[in-house]
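Everything on this sheet refers to the single structure shown next.
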Amino acid sequence: MDPSLSLFGGFSDVGVAVAVATTLVVVYAWRFFNFVWLKPKKMEKCLRDQGLKGTSYKLLYGDVNEMVKMITEAYLKPINLNDDIVPRVLSFAHSVVTTHGKNCFTWMGPIPILHITDPLLLKEIFGKYEDFQRQRGGNPLTSLLAKGLVDVEGDQWVKHRKIINPAFHVEKLKHMVSAFYVSCDEMMNKWEETLKGKKSCEMDVWPDIQTMTADVISRTSFSSSYVEGRKIFELQQEQAKLVITALQSIYIPGSQYLPTKSNRRMRAIGREVKGLIKGIIDKRMAEMKHGEDSRDDLLGILLDSNDKEIKQHGNTKSGLSINEVIEECKLFYFAGQETTANLLVWTMILLSQHKQWQDRAREEVVKVFGDRKPDIEGLNQLKIVNVIFLEVLRLYPPLAGMPRMVHKETKLGNITLPAGTFLQLYTMLSHHDPSIWGDDVKEFKPERFSQGVSKATKGQPAFIPFGGGPRVCIGQNFAMLEAKMSLVMILLRFSFELSPSYSHAPYTIITLQPQFGAHLILHKLDLVVN
Numbered sequence: 002m003d004p005s006l007s008l009f010g011g012f013s014d015v016g017v018a019v020a021v022a023t024t025l026v027v028v029y030a031w032r033f034f035n036f037v038w039l040k041p042k043k044m045e046k047c048l049r050d051q052g053l054k055g056t057s058y059k060l061l062y063g064d065v066n067e068m069v070k071m072i073t074e075a076y077l078k079p080i081n082l083n084d085d086i087v088p089r090v091l092s093f094a095h096s097v098v099t100t101h102g103k104n105c106f107t108w109m110g111p112i113p114i115l116h117i118t119d120p121l122l123l124k125e126i127f128g129k130y131e132d133f134q135r136q137r138g139g140n141p142l143t144s145l146l147a148k149g150l151v152d153v154e155g156d157q158w159v160k161h162r163k164i165i166n167p168a169f170h171v172e173k174l175k176h177m178v179s180a181f182y183v184s185c186d187e188m189m190n191k192w193e194e195t196l197k198g199k200k201s202c203e204m205d206v207w208p209d210i211q212t213m214t215a216d217v218i219s220r221t222s223f224s225s226s227y228v229e230g231r232k233i234f235e236l237q238q239e240q241a242k243l244v245i246t247a248l249q250s251i252y253i254p255g256s257q258y259l260p261t262k263s264n265r266r267m268r269a270i271g272r273e274v275k276g277l278i279k280g281i282i283d284k285r286m287a288e289m290k291h292g293e294d295s296r297d298d299l300l301g302i303l304l305d306s307n308d309k310e311i312k313q314h315g316n317t318k319s320g321l322s323i324n325e326v327i328e329e330c331k332l333f334y335f336a337g338q339e340t341t342a343n344l345l346v347w348t349m350i351l352l353s354q355h356k357q358w359q360d361r362a363r364e365e366v367v368k369v370f371g372d373r374k375p376d377i378e379g380l381n382q383l384k385i386v387n388v389i390f391l392e393v394l395r396l397y398p399p400l401a402g403m404p405r406m407v408h409k410e411t412k413l414g415n416i417t418l419p420a421g422t423f424l425q426l427y428t429m430l431s432h433h434d435p436s437i438w439g440d441d442v443k444e445f446k447p448e449r450f451s452q453g454v455s456k457a458t459k460g461q462p463a464f465i466p467f468g469g470g471p472r473v474c475i476g477q478n479f480a481m482l483e484a485k486m487s488l489v490m491i492l493l494r495f496s497f498e499l500s501p502s503y504s505h506a507p508y509t510i511i512t513l514q515p516q517f518g519a520h521l522i523l524h525k526l527d528l529v530v531n
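So, in structure tokens, the structure goes:
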């Protein structure tokens with residue numbers, strides 16, 4: 002062979018390789034430039050041309066640094082009891098909405114986030130879930146906390162909802178009231194033991210309330226106790242904190258595979274929780290295969306409903322897979338425990354501040370139940386307790402906001418949203434809007450709900466503690482019933498007031514919680530119902 006041809010061929014191969022490499026670099030550089038600059042600027046112009054106001058886009062990071070700084074500073078110290086909680090809980094959102102108006106936009110990296118507080122737009126979003134879906138993208142590891150019903154869309158959501166619905170039917174909830182009673186009774190006994198020989202005692206009730214609501218979920222979901230489910234709850238709480246940290250960071254595609262400390266820990270927790278729940282499910286399915294009747298708890302009802310769906314259609318695809326059942330159980334554990342715990346602790350804090358409402362609630366409870374054990378019929382008769390809970394949910398909703406996104410160009414009211422726009426639906430801002438609720442919006446006034454939610458909101462869809470539309474929280478009746486039972490038992494056995502050591506510091510770890518606990522002074526009463 003001619004050496005020159007061999008040499009030429011070699012140079013030719015090198016030249017082709019260089020050309021390909023150069024092309025790839027140019028293509029990916031262009032895509033990156035488009036992602037971090039051209040596309041965001043185009044979207045910003047689109048939003049501004051429609052009259053929307055917001056922050057100016059900053060290369061790559063957007064408003065993330067400012068957001069994290071404001072949140073960190075807001076959480077450094079508590080606030081006064083009568084202060085507005087919104088600037089602390091939603092420091093960044095409150096600042097931009099105050100500056101740019103109710104419907105404005107900011108930037109999570111190169112992605113625009115439209116902040117929505119207008120009730121009519123919220124109603125439209127809740128009613129058109131096929132257009133305004135759960136946010137996608139971001140760090141995939143955040144989904145390790147829980148997916149399940151809240152994470153699926155379209156036909157998959159219909160399937161999941163149909164199979165899960167029987168577990169939360171009112172007739173099934175009636176059978177769970179006894180579990181509510183037993184779990185709360187254990188907490189009451191613990192408090193009475195702490196007060197033994199004393200007229201009153203100061204304690205942080207928040208950890209006990211969390212334990213009690215966790216015990217309820219263990220009993221009602223898996224016919225077990227908190228002791229058996231404790232590890233799952235502890236792991237899920239740790240996972241929630243890691244998820245919040247991840248959500249407040251810029252996600253770089255592929256970074257979830259880096260062996261960082263938080264990535265490794267999130268994966269380890271995910272594996273451990275999945276293994277623990279799978280063990281519970283496998284044991285239950287083995288019992289069913291051996292002819293044992295399915296238990297009347299959430300897992301038993303879910304497995305029974307799933308089995309019926311599979312048999313009816315003759316294929317496993319019509320039902321939930323084992324992994325999907327595990328995800329629904331993870332959701333039971335996290336959402337079921339958190340929602341009621343939050344509602345109950347904020348109720349005790351507010352009733353400690355407003356003794357007249359605590360007294361009125363206790364009088365109603367004594368009148369309805371007398372010396373008999375609380376039951377579902379009596380719980381449903383409690384009008385004063387009910388309006389108290391509604392007002393607590395208005396002031397301290399479980400979720401301060403709910404994320405959504407549009408996958409294609411979508412019309413919202415008079416606004417045309419570019420594909421890829423994120424939306425943040427602020428429950429708390431809507432609940433604290435004086436144009437809807439009046440000048441006393443920051444005050445605790447349960448009587449505003451005495452004629453129902455519609456009257457209180459002047460007919461506007463502005464009260465959304467459990468979301469809205471067809472995807473409203475499936476467990477809201479469960480949470481309200483559990484909270485009623487717990488408060489009834491507390492009111493019958495204790496009066497309570499704020500301790501001088503209480504620090505008012507609402508903050509969010511997914512849900513709205515008291516950052517420094519709930520230090521109250523409990524006084525034993527002699528109104529025990531046997």
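In our numbering, each number is its position in the sequence shown, counted from 1, plus 1. All C-beta atoms in this analysis are idealised placements derived from N, C-alpha and C, irrespective of residue type, glycine included. All values reported here derive from a predicted model rather than from experimental measurement.
Around Ser451, the same chain offers Val388 as residues with beta carbons nearer than 7 Å, after the five sequence neighbours per side are excluded. Counting the other Cβ atoms within 10 Å of the Cβ of Arg272 gives fewer than 16, which makes it exposed.
Contact holds between the stretch 236-245 and the stretch 504-517, because three or more Cβ pairs, one in each stretch, are under 8 Å apart. If you check the CB distance, Gln134 and Met406 come in under 8 Å. For Tyr508, no alpha helix (DSSP H) run applies; the uninterrupted beta strand (DSSP E) run containing it begins and ends at Pro507 to Ile510, by DSSP. Per DSSP, reduced to three states, the secondary structure at Cys47 is helical. In terms of CA proximity to Asp84, His433 leads the group His433, Pro501, Lys456 and Gly460.
For Glu288, the enclosing alpha helix (DSSP H) starts and ends at Lys262 to Lys290. At least 8 Å separates the beta-carbon of Met429 from that of Pro462. About 7 Å separates the CB atoms of Thr118 and Val98; that is less than 8 Å, so the two are in contact. Of the residues Val206, Cys105 and Phe93, the one whose Cα lies closest to the Cα of Leu48 is Cys105. When the Cα atoms are used, Met403 and Lys124 turn out to be separated by approximately 13 Å. Contact between Ser201 and Ile491 fails: their C-beta atoms lie close to 15 Å from each other, not under 8 Å. Per DSSP, reduced to three states, the secondary structure at Arg137 is coil, with no helix or strand assignment. When Asp14, Leu60, Gly16 and Ala20 are compared, the shortest CA-CA separation from Phe36 is found for Leu60.
The residues Phe127, in chain order, have a CB closer than 6 Å to that of Gly469 in the same chain once the five nearest residues on each side in sequence are set aside. Here the stretch 475-483 makes contact with the stretch 334-351; the two share three or more CB pairs at distances below 8 Å.
The criterion of a C-beta distance shorter than 8 Å is not satisfied by Leu493 and Val386. Relative to the Cα of Gln354, the nearest Cα in the group Val178, Leu82, Asn190 and Thr23 belongs to Leu82. Val26 counts as exposed, since fewer than 16 other beta carbons sit within 10 angstroms of its beta carbon. In the three-state reduction of the DSSP assignment, Met406 falls in the strand class. When C-alpha distances from Leu299 are compared across Val326, Asp360, Gly315 and Glu310, the shortest belongs to Val326.
Runs of the alpha helix (DSSP H) spanning 4 or more residues and lying entirely within the stretch 396-456 occur at 428-432 and 435-438, in chain order. Judged by DSSP secondary structure, His355 falls outside any alpha helix (DSSP H); it is assigned neither H nor E. If you draw a straight line from the Cα of Ser431 to the Cα of Pro79, it is about 23 Å long. CA-CA distance, Lys446 to Cys185, rounds to 27 Å.
Met44 is a Cβ neighbour of Thr422, given a cutoff of 8 Å.
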